[in-house]
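Numbering (our numbering), first residue to last: 16 to 218.
All C-beta atoms in this analysis are idealised placements derived from N, C-alpha and C, irrespective of residue type, glycine included.
Bear in mind that the values here come from a model prediction, so they are computed numbers and not experimental data.
Okay, here's the thing in structure tokens:
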């Protein structure tokens with residue numbers, strides 16, 4: 016009789032470390048979080064951490080990379096079902112965040128991690144690579160939804176994508192500073208207003 020494998024896979028271990036790191040970062044702050052605390056929160060030893068990541072910075076980069084990859088898959092899945100911009104935005108609003116990765120569930124932690132990494136100039140090219148991937152995703156969504164709407168408008172999807180992401184990051188920062196006057200849905204509300212001024216939807 017063959018044994019049932021109980022040892023977690025590498026992917027399982029990384030996912031557990033991502034989840035644990037998010038909790039520790041939110042409790043202790045990114046700078047104050049130790050590798051030992053992250054490993055312990057995940058139920059692993061320090062050695063298990065180092066078998067997956069060389070440092071806390073590498074863990075953070077991996078979490079950001081995983082978040083971007085999951086965001087792309089998630090948004091493309093929604094787009095495959097809703098290629099009308101109104102329907103696409105509505106699906107985003109009702110999306111179950113509990114099933115997302117830790118940074119998808121906590122946009123503020125996502126922003127904090129980006130700022131933490133950006134402090135090290137040598138790490139910025141890695142952030143830039145992920146920013147460009149996000150821009151391409153939004154540009155693809157803009158092109159797909161504009162074609163679906165059948166509106167022959169003069170758009171510059173890459174530029175609009177940059178504007179959209181600047182809005183998203185800006186609202187995240189505003190919510191971090193002043194959550195009382197910056198509702199969680201501020202970004203999507205702004206997009207709903209903006210789309211009427213870009214030719215993507217009727218006024």
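Below 7 Å CB to CB, which residues in the same chain sit around residue 40 once its five sequence neighbours on both sides are set aside? Counted from its first residue, the chain shown places residue 40 at position 25. Taken in chain order, the residues that qualify are 48, 124.
Taking 6 Å as the limit between beta carbons, can you name the residues of its chain near residue 31, skipping five residues before and five after? By one-based count along the chain shown, residue 31 stands at place 16. Within the same chain, residue 31 has close Cβ partners 57.
Alpha carbon to alpha carbon, how far is residue 171 from residue 64? Your numbering for residue 171 matches position 156 in the chain shown. Your numbering for residue 64 matches position 49 in the chain shown. Approximately 44 Å between the Cα atoms of the pair.
Return the first residue and the last residue of the alpha helix (DSSP H) that residue 28 is part of. Within the chain shown, the letter at position 13 stands for residue 28. Here the alpha helix (DSSP H) through residue 28 covers 25–43.
Under the rule that 16 or more other beta-carbon atoms within 10 Å means buried, what is residue 95, buried or exposed? Looking up residue 95 in the chain shown gives position 80. Under this definition residue 95 is an exposed residue.
Count Cβ pairs between the region 128–147 and the region 98–112 that sit closer than 8 Å; are there 3 or more? no
When you compare the CB positions of residue 61 and residue 54, do they come within less than 8 Å of one another, or not? As a working note, residue 61 is residue 46 in the chain shown. As a working note, residue 54 is residue 39 in the chain shown. In this structure, residue 54 lies closer than 8 Å to residue 61 by Cβ.
DSSP state of residue 101 mapped onto helix, strand, coil: Here residue 101 refers to the residue found at position 86 of the chain shown. Here residue 101 sits in helix by DSSP.
Whose C-alpha, out of 75, 116, 111, is nearest the C-alpha of residue 127? The residue given as residue 127 occupies position 112 in the chain shown. For residue 127, the nearest C-alpha among the options comes from 75.
Roughly how many angstroms lie between the CA atoms of residue 87 and residue 152, to the nearest whole one? Position 72 of the chain shown, counting from 1, holds the residue named residue 87. Position 137 of the chain shown, counting from 1, holds the residue named residue 152. C-alpha separation (whole angstroms): 6 Å.
Confirm, please, whether the CB-CB distance from residue 130 to residue 82 is below 8 Å. Working through the chain shown from its first residue, we reach residue 82 at position 67. Working through the chain shown from its first residue, we reach residue 130 at position 115. The answer is no: Cβ separation not under 8 Å.
Below 8 Å on the Cβ atoms is my contact criterion, and I expect residue 190 with residue 181 to pass it. Report the Cβ-Cβ distance as a whole number of Å. What you label residue 190 is simply residue 175 of the chain shown in a count that begins at 1. What you label residue 181 is simply residue 166 of the chain shown in a count that begins at 1. Residue 190 to residue 181, Cβ: 15 Å. No contact.
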